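J.: One structure, as structure tokens, below. Some questions next.
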Amino acid sequence: MPATELNVQIQEKSAQHLNWLTEKALPIWASVGRFEQTGGFAEAIALDTQKATNADCRARVQPRQIYSFLEGGKLGWSGDWQTISRAGYEWYLKTYFKPDGTVISAATQAGASADEGFDLYNQAFALFAFAHIAKTLDDLKDDALARAHSLMDHLQETLAHSEIGFREDNPDRLPLRSNPQMHLFEAMLALENVEPDARWTDLADMIAELALTRFIDPVSGGLREFFDHDWSPMPGDQGRIMEPGHQFEWAWLLTLWGTSRKEPIALHAARRVYQIGRTHGIDRERQVAIMSLHDDFSVHDPMARLWGQTEWIKAACVLACLSFGVEQTGYQEDIISACDALEEYYADVPAGLWRDKIEEDGTFKDEPAPASSFYHIVCAISQLKDYADTL
Numbered sequence: 432m433p434a435t436e437l438n439v440q441i442q443e444k445s446a447q448h449l450n451w452l453t454e455k456a457l458p459i460w461a462s463v464g465r466f467e468q469t470g471g472f473a474e475a476i477a478l479d480t481q482k483a484t485n486a487d488c489r490a491r492v493q494p495r496q497i498y499s500f501l502e503g504g505k506l507g508w509s510g511d512w513q514t515i516s517r518a519g520y521e522w523y524l525k526t527y528f529k530p531d532g533t534v535i536s537a538a539t540q541a542g543a544s545a546d547e548g549f550d551l552y553n554q555a556f557a558l559f560a561f562a563h564i565a566k567t568l569d570d571l572k573d574d575a576l577a578r579a580h581s582l583m584d585h586l587q588e589t590l591a592h593s594e595i596g597f598r599e600d601n602p603d604r605l606p607l608r609s610n611p612q613m614h615l616f617e618a619m620l621a622l623e624n625v626e627p628d629a630r631w632t633d634l635a636d637m638i639a640e641l642a643l644t645r646f647i648d649p650v651s652g653g654l655r656e657f658f659d660h661d662w663s664p665m666p667g668d669q670g671r672i673m674e675p676g677h678q679f680e681w682a683w684l685l686t687l688w689g690t691s692r693k694e695p696i697a698l699h700a701a702r703r704v705y706q707i708g709r710t711h712g713i714d715r716e717r718q719v720a721i722m723s724l725h726d727d728f729s730v731h732d733p734m735a736r737l738w739g740q741t742e743w744i745k746a747a748c749v750l751a752c753l754s755f756g757v758e759q760t761g762y763q764e765d766i767i768s769a770c771d772a773l774e775e776y777y778a779d780v781p782a783g784l785w786r787d788k789i790e791e792d793g794t795f796k797d798e799p800a801p802a803s804s805f806y807h808i809v810c811a812i813s814q815l816k817d818y819a820d821t822l
């Protein structure tokens, strides 16, 4: 396909997805998807009734929804994104934080603790929310950054790994996972963009090194999910798992980091993990990114979740920016394919909602639309718009 035609198609895809976001998705999640009395965000919206479910609200959902509305405002949504974000942030701080500054795992809709358990993943998203609050809401900037420093103080004091990165818990819990480290990486990059503090830069650099030297297999180039105490792959099948969506997500983050640091090794690794996700992680029949592979790139779990398609979009966009000629054309064609894949999840459901899981036989799992997907969608649409605006 000629480059000019590809550019036009990407711009059209960007406009379509942005329109869906601002005209359909943000309005329904701002009304049905949040609790007016508390400001908190619902866990999911039922597709049949288009009402919030009664499920407890996981801690990861609250900061992700705060980000989604802050970013929605940046992308031009005319709704009251500031009030929604502020109310959600106030509820999040009041409901999900323990006296030591760490985040619990879930709360009831009324605000009582539903799961006091510690998960490094949830701490990463707290830091992510602090970064975006500080970036967008000037009057809350100093407080949000102070909270970010306080939480990181706690993580470094209690969870610093003896070699590199962070442990899962104290006392130790296995397996060590690359996923929470990835979201800490994302949060550190967001924080260094809003506060030029060497702390965030040094932490981002550490996690990049962790990915490049431990997570990525030096022979295959694929990035693993689960690790033993010393960051060697977990024994057995668990240590063999590689997720295509995370190949894409790491490709996106390593490209952002490698570009900012002018680090060619990271950019090479990003291209390599991307190609593994693209070559082995896209189901030929369904044309969607599947859940997981073994380390020989055979299929481990053929289910295809929505979020993997959004990470495919993000990675293809940032790598297209760095490429030329035939290589760039390949990434641009992938942007179109990934957008097509994402659109499958929006089809035949109420406007602004989505399905989350495509089974191996091509049918969708019948379940409510999870709020946790929205952050992935919004970030992909934002990255897509950034790229489309350069064409």
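As numbered in the working numbering, residues 432 to 822 make up the sequence shown, in order. We treat Cβ as the ideally placed atom computed from N, Cα and C, and that holds for glycine. Quantities reported herein were computed from a predicted structural model and do not represent experimental measurements.
What residues match up with Met734 in a beta bridge as DSSP calls it?
T.: DSSP lists no partner for Met734.
J.: Per the contact definition of three or more C-beta pairs closer than 8 Å, is the stretch 557–569 in contact with the stretch 489–504?
T.: yes
J.: Nearest CA to the CA of Trp681: which residue from Ala751, Gly532, Gly653 and Ala772?
T.: Gly653
J.: Measuring CA to CA, which of Phe657, Pro649, Pro799 and Ala486 is closest to Thr539?
T.: Checked all of Phe657, Pro649, Pro799 and Ala486; the closest Cα to Thr539 is Ala486.
J.: Quick one: is Phe500 buried, meaning 16 or more other Cβ sit within 10 Å of its Cβ, or exposed?
T.: buried
J.: Could you pull out every residue in the same chain whose Cβ sits closer than 7 Å to the Cβ of Gln759, ignoring the five residues on either side in sequence?
T.: Around Gln759: Ala751.
J.: Does the Cβ-Cβ distance between Leu551 and Pro611 come in under 7 Å?
T.: yes
J.: What residue ranges within the stretch 518–599 form continuous alpha helix (DSSP H) runs of no fewer than 4 residues, ordered along the chain?
T.: 551–567 and 572–590
J.: Within the stretch 689–730, note down every full alpha helix (DSSP H) run reaching 4 residues or more, in order along the chain.
T.: 695–711
J.: Counting only runs of 4+ residues fully inside the stretch 449–502, write out the alpha helix (DSSP H) ranges in chain order.
T.: Qualifying alpha helix (DSSP H) stretches, in chain order: 457–462.
J.: Determine whether the beta carbon atoms of Phe646 and Leu607 lie at a separation below 7 Å.
T.: no
J.: Return helix, strand or coil for Met613, following the three-state DSSP convention.
T.: Under the three-state reduction of DSSP, Met613 is assigned to helix.
J.: Does the stretch 711–719 come close enough to the stretch 686–699 that 3 or more CB-CB pairs lie under 8 Å?
T.: Cβ pair count under 8 Å is below three, so no.
J.: For the alpha helix (DSSP H) containing His807, list its first residue and its last residue.
T.: Ser803 to Ala819
J.: Please say whether Trp738 and Ser804 have beta carbons closer to each other than 7 Å?
T.: yes
J.: In the structure shown, what three-state DSSP assignment does Phe658 receive?
T.: strand
J.: Output the boundary residues of the alpha helix (DSSP H) element that contains Gln759.
T.: Gly756 to Tyr777
J.: Under the three-state reduction of DSSP, which class applies to Lys796: helix, strand or coil?
T.: coil
J.: Since Met673 sits in a beta bridge, which residues does DSSP pair it with?
T.: Leu724
J.: Cβ of Pro801 within 7 Å of Cβ of Asp787?
T.: Between Pro801 and Asp787, the gap from beta carbon to beta carbon is short of 7 Å.
J.: Compare the beta carbon distance of Ser445 and Ala819 with 7 Å and say whether it is the shorter of the two.
T.: yes
J.: So, helix, strand or coil for Leu620, using DSSP?
T.: helix
J.: Could you compute how far the alpha carbon of Ile707 sits from the alpha carbon of Leu478?
T.: 34 Å
J.: DSSP state of Arg604, grouped into three classes?
T.: coil
J.: From Glu656 to Ala642, what does the alpha carbon distance come to, in whole angstroms?
T.: 11 Å
J.: With a 10 Å radius around its C-beta and 16 neighbouring C-beta atoms as the bar for buried, classify Lys529 as buried or exposed.
T.: Lys529 should be labelled exposed.
J.: Given this structure, state the Cα-to-Cα distance separating His448 from Ser768, to the nearest angstrom.
T.: 14 Å
J.: Which word fits Ala629, buried or exposed, when buried means at least 16 other C-beta atoms lie within 10 angstroms of its C-beta?
T.: exposed
J.: Considering Cα atoms alone, identify which of Thr567, Gly689 and Phe679 is closest to Met722.
T.: Phe679
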